Amino acid sequence: MTGNGVGRLGAVDPTRQWVTAIGVTVAVGFAFFLAARLGLTLLTKPDGVAVFWPASGVATGALIALGPRAKLPVAIGTAAATIAANMSGDRTLAGSVIFALCNAGEALLAAGLIEHRFGSGFALDRLRHVLELLAAAVFASAISGIGGTLGFKLFQDSTAPILTIWEHWFASASLGIVTFAPLLIGTGAAVRNPPSANEAVEGSLLLLAITVLGALVVFPPHGSWAHLVPIALLFPLLLLLTARCQPMFAAAAAFIFALTIVWTIAFDIGYFGTPYLPIDERVVGAQAAILTTSLCALVLASLFAERREHEAAVSEVAARLEEALEAGAVMAFEWDARTGLSRHSENAANVLGCDPQVPLTTIRFFALVHPDDRAAFKSQVKNVRPDKPSYAITFRVMHPDGREMWLEETATAEFDQAGECICIRGLTLDVTERKRAEEHQRLLVAELDHRVKNVLARVGAVAMCTRQGSSTMDEFVQSLDQRIQSMAIAHELLSQNKWERVRVADIVRLQLAPYATKANTTTCGPDIALNAVAVEALGMVLHELVTNASKYGALSIPEGRVSVSWASRSNGGAAKLLNIAWRETGGPPIEAPPPQGYGTSLICSLIPHELGGTVNLAFSSEGVSCTIEIPLKTGIADVT
């Protein structure tokens, strides 16, 4: 039997398919033959119909458990076993063939009805399934009883009335299906969904106990009250079995009990073999005992199975909800306004950082609320009313580790007919990260506003000073454009580095880029990064040096050279300085220092004003040199 049932004979290998089909035929035929011989040990008078026919349960149960593809093997095994069992008695060949067709058709009809209603994978884990199986057994037995009655009248020379023969056939066949088929159906379901090891052990022990008590019921001890003890103990054990285990175990208990009764009445032993009771009364009593016990066991097992499935479904939904709440840092709560008691989702302790072993009561939760927010929180809760049942509030709580958390609570109140609040249910979301992001955004906007104002002020100052130092409008536009481009380069570098730090090497490289070649510039220095203020100031100073060199100095002729070096050094104490040396060589000779304009003024005054440093600008006959020293105060630079 595979996970989909032995009846799923759709194996790819034809040889394996044939071997499986033959194996099913032999197994079903052997089981049916044994059950049929047991049933033929006790026949009704004068028609000769079996009082109990467990073989019908074997064929129907096997076909339902194995699935529709096992129809042919089960039908062949059933028919062959029927003929063999009847021919070993006093039945005629023609009658045996008719009975074989009826037994096979009965199993096919009952299994077909179940398959039509529920498809494959049928299990007795629903009350509806038990009732449908009972209905299918009644219908199939009633139809097969017609053919069986004709077989007895035509080929067995029965003198009993036709209705009597049909009633006996119907009763024995339907009882056999209801009693014995559930065991095979339950076995198939257990193969698809195996019980746990603990369940298997517990079920086996309970079946053993039920078997012993069942024997004591059938073979009662002597005494005025002793025979009541096994009966009193039997049904609690059966109830425990159905409540704790799969329906297969309940079906097995019903099978054991029914088999015990059939065995005792067939061989005249035990209570149902008492000779002073008429056989008809014993048969009716045995049939009633088998039917009621089987139905009670199956109904109870199906109800408990449904309950277990519903509980599992509810638990799974609850677990998924808890996972979703945990992932979203959301906790659910319910507060009873009449008793003051509250319930929270399991993740509340994790969200709030509380001890999960200590219940999160209303008083304990309110104590966590920030003192400045308690009044507003109380006001929101107290102000709910029927026409405004919902509220939303954002408040702070104090985490046990001392940090501040922000929570956003949305809730809805329920009211009774008098308008009094009964309870409040809602969700509380941890929005600490969102609040931090909002605060960070606010700081960024403020910083951006500050920087934009500074840039605009600086552009205005540069424009004014450039206008004063320009003799023509074209010169003013060109100089202003170059200086604004220099500022833009500094801003681009800061933007690329998220306004944190920019390397001195990058500032020098980009300012020299418009005029630099491999031959006319050299740069060297350690890896030193400056903050935004230092980057903007140094960028403007270097721009003026590059502009002067391109117009009048070393970068104005091919033979000229510019070298820029930088290093950090101590100023004699604990503080350090960033020393930047600008040297021009090979340029046009300088006969006299040029008149001081805006560019020269910016070179000499911007660094001291913005960064507290010094600038030494010299115009010698060899070329311009400029030494810049910037104090490496905390926050200005990172030296690696």
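When we follow this note's numbering, the leftmost residue of the sequence shown carries the number 406, and every step to the right adds one.
Backbone N, C-alpha and C define an ideal beta-carbon position, used for all residues, glycine too.
It should be emphasised that the depicted structure is a prediction, and the values quoted were computed from it without experimental measurement.
- Sixteen is the threshold: when 16 or more other Cβ atoms of the shown chains lie within 10 Å of the Cβ of histidine 749, as they do, the residue is buried.
- Arginine 908 sits buried, since 16 or more C-beta atoms from the chains shown fall within 10 Å of its C-beta.
- If you look at isoleucine 827, you'll find it in the beta strand (DSSP E) that goes 826-835.
- An exposed status is given to phenylalanine 435, since fewer than 16 other beta-carbon atoms sit within 10 Å of its beta-carbon.
- Bounds of the alpha helix (DSSP H) holding arginine 712 are 684-732.
- The beta carbon of alanine 742 is closer than 7 Å to those of Cys826, Ile827, Cys828, Ile829 in its chain, skipping five residues each way along the sequence.
- Leucine 448 sits away from leucine 708, with the two beta carbons spaced by 8 Å or more.
- A distance below 7 Å between beta-carbons, with the five flanking residues on each side excluded, links glycine 1018 to the following residues of its chain, in chain order: Ile1012, Ile1033, Glu1034, Ile1035, Pro1036.
- For isoleucine 995, no beta strand (DSSP E) segment is defined, and its DSSP state is neither H nor E.
- In the three-state scheme derived from DSSP, where H, G and I count as helix and E and B as strand, tryptophan 458 is classed as coil.
- A contact between stretches requires three or more CB pairs, one per stretch, nearer than 8 Å, and the region 466-474 meets this requirement with the region 585-605.
- Annotation for isoleucine 798: the continuous beta strand (DSSP E) segment containing it runs 795-803.
- Rounded to whole angstroms, the gap between the alpha carbons of phenylalanine 437 and isoleucine 427 is 15 Å.
- Restricted to the region 738-769, the beta strand (DSSP E) segments that are unbroken, complete and at least 3 residues in length are 747-749, listed in chain order.
- Distances from the CA of alanine 486 to each of Gly444, Leu514, Gly745 were compared; the closest alpha carbon is that of Gly444.
- The Cβ neighbour count for aspartate 685, taken over all protein chains shown within 10 Å, is under 16; the residue is labelled exposed.
- Within 10 angstroms of the beta-carbon of methionine 878 lie fewer than 16 other beta-carbons, which makes it exposed.
- Between the alpha carbons of histidine 1014 and alanine 942 lies a gap of roughly 10 Å.
- The residues Glu727, Leu730, Glu731, Met736, in chain order, have a CB closer than 7 Å to that of asparagine 752 in the same chain once the five nearest residues on each side in sequence are set aside.
- In terms of CA proximity to alanine 691, Val456 leads the group Val456, Gly1028, Met653, Val969.
- Arginine 988 places its beta carbon less than 8 Å from that of serine 1030.
- About 12 Å separates the beta carbon of alanine 959 from that of valine 969, a gap too long to meet the 8 Å contact definition.
- Taking one beta carbon from each stretch, the region 692-700 and the region 649-664 have 3 or more pairs nearer than 8 Å; the two touch.
- In its chain, beyond the 5 residues on either side, Asp530 have a beta carbon closer than 8 Å to the beta carbon of glutamate 714.
- Here alanine 657 is not near leucine 613, since their CB atoms are 8 Å or more apart.
- When only Cα atoms are considered, valine 756 and asparagine 936 end up about 39 Å apart.
- In this model, leucine 644 and proline 599 are separated by some 21 Å (Cα to Cα).
- Histidine 896 has its alpha-carbon roughly 19 Å from the corresponding atom of leucine 950.
- Distance from the Cα of aspartate 911 is smallest, within the candidate group Trp971, Asp854, Glu964, Ala484, for Trp971.
- As a beta-bridge residue in DSSP terms, serine 975 pairs with Lys981.
- The beta carbons of isoleucine 570 and phenylalanine 557 sit about 5 Å from each other, so the pair counts as a contact at 8 Å.
- Annotation for asparagine 953: the continuous alpha helix (DSSP H) segment containing it runs 937-956.
- By the neighbour-count definition (other C-beta atoms within 10 Å, threshold 16), serine 461 is a buried residue.
- Cysteine 507 and alanine 723 have their C-alpha atoms roughly 51 Å apart.
- Counting C-beta atoms within 10 angstroms of its own C-beta, glycine 1028 has 16 or more neighbours from the protein chains shown and is therefore classed as buried.
- Cβ neighbours of alanine 505 within its own chain (closer than 6 Å, five residues either side excluded): Ala484, Thr487, Ile488.
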